[in-house]
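Student: Numbering (our numbering), first residue to last: 135 to 452.
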Ligand SMILES: NC(=O)c1ccc[n+]([C@@H]2O[C@H](COP(=O)([O-])OP(=O)(O)OC[C@H]3O[C@@H](n4cnc5c(N)ncnc54)[C@H](O)[C@@H]3O)[C@@H](O)[C@H]2O)c1
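(1) Below 7 Å, is the gap between the Cβ of residue 322 and the nearest heavy atom of ligand 1?
(2) Might you give, ordered along the chain, the residues of its own chain that have their beta carbon closer than 8 Å to the beta carbon of residue 175, omitting 5 neighbours on each side?
(3) Hey, quick one: how far does the beta strand (DSSP E) through residue 217 stretch, first residue to last?
(4) For residue 338, which residues from the same chain have a beta carbon less than 6 Å from its beta carbon, with the 5 sequence-adjacent residues on both sides left out?
(5) Would you check whether ligand 1 has a heavy atom nearer than 7 Å to the C-beta of residue 198?
(6) Mind checking which residues open and close the beta strand (DSSP E) that includes residue 222?
(7) So, helix, strand or coil for residue 340, using DSSP?
(8) So for residue 156, helix, strand or coil by DSSP?
(9) Using only the alpha-carbon positions, how far apart do residue 441 and residue 334 sit?
(10) Assuming residue 224 and residue 286 are in contact, meaning their beta carbons sit under 8 Å apart, how far apart are those beta carbons, in whole angstroms?
(11) Could you tell me the alpha carbon to alpha carbon distance between residue 376 and residue 444, rounded to whole angstroms?
(12) Can you find a heavy atom of ligand 1 that lies under 7 Å from the Cβ of residue 225?
(13) Using only CA atoms, which one of 315, 361, 171 lies nearest to residue 211?
(14) Answer yes or no: the CB of residue 220 versus the heavy atoms of ligand 1, is any distance below 7 Å?
(15) Looking only at its chain, what residues have a beta carbon closer than 7 Å to the beta carbon of residue 148, apart from the 5 residues adjacent to it on each side?
(16) Between the Cα of residue 422 and the Cα atoms of 379, 448, 438, 406, which residue gives the shortest distance?
(17) Could you name the residues of the same chain whose beta carbon sits closer than 6 Å to that of residue 300, not counting the 5 residues immediately before and after it, in chain order?
(18) Can you tell which of 438, 162, 366, 349 has its C-alpha closest to the C-alpha of residue 407?
(19) How far does the beta strand (DSSP E) with residue 313 in it reach, from first residue to last?
(20) Can residue 313 be considered in contact with ligand 1, in the sense that its beta carbon sits closer than 7 Å to one or more heavy atoms?
(21) Tell whether a beta-carbon distance below 8 Å holds between residue 359 and residue 217.
(22) Cβ of residue 172 versus every heavy atom of ligand 1: is any distance shorter than 7 Å?
(23) Whose C-alpha, out of 167, 341, 240, is nearest the C-alpha of residue 214?
(24) What residue from 234, 289, 295, 417 has the CA that sits closest to residue 386's CA?
(25) Which residues mark the beginning and the end of the beta strand (DSSP E) in which residue 409 is found?
(26) When you measure from the CB of residue 217 to every non-hydrogen atom of ligand 1, does any distance come out below 7 Å?
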C-alpha cells in the first residue's frame, strides 16, 4: 500500500536519541535511499549516530518546534517519510511540565501541517504506553482509554488525537506506533532524566546500591529496542492511515522483579534502597500485543538475553 522504504528519503526526528538512533541504523541496514536525522540534542547525542553518519546519514542539529528548521529540511531534501521520535523525557515533565507538554504537541502539529501542505507523503508518529495511564482493564489493547497522569503523557495523548483528527479531516497518510518501555544500548543513564534500566546498571557498575521508588510492585512491559524498530519498519508496510498499534512483549514485569534480575545478572547481593513513590507513577502496564501479531511477525528478544546485551554495552562504556 505504501512505497517500499528502500526507495525513500527519510527524516527521523529525535534521531540522535535512544530509539531514534536505532531506527536510523535499522533504516540504513534496510538500504533506504537517504536517512536524515534531526535532533536539538536536548538529550540525544551525536555520538549515537557515529556509525550511521559513516554510512551516509545526514545529521542536522535543529528543533522541530521551530517551523524554520522543518521548512529548511523540506526545501533542502526531497523527503518522503517522517518518523517522529522527538520528545523530552517523561521525568522532565516534573521539572518543566509546560515545556514537556509543548514539545510533544508543537512538533507533531508542525509536521502535520507540512504533511497537509504536501511537503512529504507519510508520517509515522511515536506515541507511548504512558497515554493509557494505569490499566483499567488488562491486558491493555489499543481501545484502552487514554488517561495520562503526567503532562508528558498528556502532550503525547493530545498528539495522538491531533494525528487522528488530521487524517480524518484531510485524508492524510499518518499512523501511530505506541511502544511500551524500551531498553537497550544508548538509553540515557545520566542525571535526573535517566531511565531505570541504565540507571540501575550504571549504579551497580559503580558499586552503588540500586534504588526502587515506592513498593516496586508497579509493572511495565519491557521490550528490547531492536525489536521495536524492526517492528516499526514492518508496520510501515501494513498499518492503515489513522490507525495505531501497541509495540510490546505482553509480559508485564514488576520493577522489583526487574531490579532482582539485574542484580542477579550482575552478581550483586547487597542492599536495595527504597525511596518514596514518585507522584503520578503509573502502577500497572500490562500490554496486549495481539494486534501487533495480527499485523506482522515481530521478533521479541527474551528479557534475560536483552538485559544481558544491555549490561554488556554499559560495561564497555565505562
Ligand atoms: N524509551 C521508551 O521506553 C519509550 C516508550 C514509549 C514511547 N517512546 C517514544 O519513543 C520516542 C523516542 O523516545 P526515546 O526513548 O528515544 O527518547 P530520547 O529522549 O532518547 O529521544 C528523543 C530525542 O528527541 C530530541 N528532542 C527533544 N526535543 C526536540 C525537539 N524539539 N526537536 C528535535 N529533537 C528534539 C532529544 O534530544 C532526544 O534525542 C518518543 O516519542 C517517546 O515518547 C519511548
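Note that beta-carbon positions come from the ideal geometry of N, C-alpha and C, so glycine has one too.
Tutor: Taking the structure as given:
(1) yes
(2) So the qualifying residues of the chain are 150, 195.
(3) Residue 217 -> beta strand (DSSP E) spans 215-218.
(4) 400, 402
(5) yes
(6) That residue, residue 222, is in no beta strand (DSSP E); it is neither H nor E in DSSP.
(7) coil
(8) Here residue 156 sits in helix by DSSP.
(9) 11 Å
(10) 4 Å
(11) 34 Å
(12) no
(13) 171
(14) Checking every heavy atom of ligand 1 against the Cβ of residue 220, one is found closer than 7 Å.
(15) 154, 173, 178, 219, 220, 221
(16) 379
(17) Hits under 6 Å: 246, 306.
(18) 349
(19) Run containing residue 313: 307-313, per the beta strand (DSSP E) assignment.
(20) yes
(21) no
(22) yes
(23) 167
(24) Nearest C-alpha to residue 386: 417.
(25) Boundaries of the beta strand (DSSP E) around residue 409: 407-409.
(26) Residue side-chain check: residue 217 keeps its Cβ at 7 Å or more from all non-hydrogen atoms of ligand 1.
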